[in-house]
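Read through the structure below, which is laid out as structure tokens, and then see the notes.
Residue numbers (the numbering used here): 77 to 141.
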């Protein structure tokens with residue numbers, strides 16, 4: 077993180093954000109160009125679950141790596 081003064085370090089605050097948010101945004105890079113997509117997710121028992129189809133641009137980009 078570029079701005080360490082903005083970094084959220086406390087686990088309780090991070091968990092609160094994850095439990096309250098309804099959408100997260102996943103960013104990947106394709107040929108040096110960012111691709112950002114909003115996704116539904118769930119957080120439970122220290123695990124983040126992302127809801128996604130098995131195909132699409134973000135999956136294609138991730139498979140390249």
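Note that beta-carbon positions come from the ideal geometry of N, C-alpha and C, so glycine has one too.
It should be emphasised that the depicted structure is a prediction, and the values quoted were computed from it without experimental measurement.
Asked                                                                                     : Found
Three-state class that DSSP yields for residue 85 in the structure shown                  : coil
Exposure of residue 82, with buried meaning 16 or more beta-carbon neighbours within 10 Å : exposed
Buried versus exposed, by CB contacts within 10 Å (16 or more), residue 95                : exposed
Span of the beta strand (DSSP E) around residue 25                                        : Here the chain has residues from 77 to 141 only, and residue 25 is not among them.
Residue from 98, 84, 88, 122 whose Cα sits closest to the Cα of residue 116               : 98
Length of the line joining the Cα atoms of residue 109 and residue 130                    : 22 Å
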